[in-house]
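Step one of this worksheet: look at the structure below.
There are 2 protein chains.
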Amino acid sequence: MTEPNVLALENQVCFALTVAARTTVALYKPILEPLGLTHPQYLVMLALWEENPRTLRSLADALRLEPATLSPLLKRLEATGHIRRERSATDERALQVTLTEHGRRLRQIAETIPERVARSLEMPTESLIALRDSLNEVIRATTTAAR
Amino acid sequence: MTEPNVLALENQVCFALTVAARTTVALYKPILEPLGLTHPQYLVMLALWEENPRTLRSLADALRLEPATLSPLLKRLEATGHIRRERSATDERALQVTLTEHGRRLRQIAETIPERVARSLEMPTESLIALRDSLNEVIRATTTAAR
DNA sequence: TCATAATAGTTAGTGTACTAACGAATTCGG
DNA sequence: CCGAATTCGTTAGTACACTAACTATTATGA
């Protein structure tokens, strides 16, 4: 019995994690391109389809992103006509993000995306749900540890 | 029984995947900082500790990165004294990457990292192995689909 | 009330990661 | 053996994602 190599690239969860994230995002690229969206922008749209006018801070919390990361991302979404950015009337500090008519309409097309992606992953639905739950466990552990 | 929202952010595997990758990489940051390494640079070192003089192309294949991504990354690793970059004697096109004495020595310190990270994830080893295997399944599906 | 603290975004700078276009070296077919 | 195709890296340009430092606004408390 040989000593397992704890430093072997293929044994690292973090390596599998970063590669899987990259290749999965790449899978979305040709699907999202016709909608004029990148993958992070698509996640912003998902958050807005759930709750429509919401602040940058609210989006940053939901997406687990820093406001500084989201800021230029939202400017691009405004430039492509998906959203409007305007100061909140009640709190001048807050940036209110609102879907445009175009942005709202895109939802219908987007509704077919999850199934198309799941199909190309060629994994049973239960496996994908188990994977998602396992990833959420990782997220919980990593974000509480960072406190 | 309500219709499950297929577009809900929390239901997306791709969202869990990107967040988990980001938060896990963030976990490595304070650990790798004393070694003068970022996380992608650490992965390069893992690949080099497995096989020492190897070409940029070989590294790119092992790390699943484009040569264009790896190129500036290797220049930084050379600037920090972890590796040497030189043309192969047998094929002038190939860039041979070799660990420096410092780079080789770092391996001993690095050997404690996987256990430290696994501990802070607070997940049983079998769960982590299952997660890694599941991620590798995703990688296989996404990369063969891209052919 | 008025200085101070907290909160919301923005900007600047660093480091991946990708595609596309390119130059240089090698290989291969005729 | 010589021109075309292939292969190997590099460069340029775009887009995230982060930290740190900053402005502006609102809330707090002596």
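From first to last, the protein sequence lines stand for chains P and G.
Going by our numbering, the first sequence wraps up at 147, each residue one higher than the last.
Going by our numbering, the second sequence wraps up at 147, each residue one higher than the last.
Glycine included, every Cβ here is placed at the ideal spot set by N, Cα and C.
Chain-ordered chain G contacts of glutamine 96/P [CB-CB under 8 Å]: What glutamine 96/P touches in chain G: nothing, since even the nearest Cβ is about 19 Å away.
To the nearest angstrom, report how far apart glycine 36/G and histidine 82/G are at their CA atoms. 9 Å
Compare the C-beta of asparagine 136/G with all C-beta atoms of chain P and state if any pair is closer than 7 Å. yes
Candidates Leu9/G, Ala79/G and Gln108/G: closest to glutamate 51/P by CA position: Leu9/G
Note down the Cα distance separating alanine 146/P from leucine 65/P, rounded to an integer number of angstroms. A caution first: alanine 146/P carries a pLDDT of 42, below 50, which makes its placement in the model unreliable, though a value can still be read off. Taking the straight line from one Cα to the other gives about 15 Å.
For chain G, find out if any of its Cβ atoms is closer than 7 Å to the Cβ of glutamine 108/P; answer yes or no. no
Just curious, the alpha helix (DSSP H) that valine 44/G is in, first and last residue? 39 to 50
Taking C-beta to C-beta, are glutamate 122/P and alanine 130/G nearer than 7 Å? no
Would a check of beta-carbon distances place alanine 145/P closer than 7 Å to chain G? Here the model assigns alanine 145/P a pLDDT of 49, short of 50, so the residue's position is not dependable, and the following value carries that caveat. Closer than 7 Å to some Cβ of chain G, the Cβ of alanine 145/P qualifies, so yes.
Proximal chain G residues relative to leucine 99/P, where beta-carbon distance stays under 9 Å: Result: empty, since nearest Cβ-Cβ is about 13 Å, beyond 9 Å.
Would you decide whether glutamate 54/P is buried or exposed? Buried here means 16 or more other CB atoms lie within 10 Å of its CB. A small fix is needed here, since residue 54/P is arginine in this sequence, not glutamate. So arginine 54/P counts as buried.
Given this structure, state the Cα-to-Cα distance separating valine 117/G from leucine 27/G, to the nearest angstrom. 7 Å
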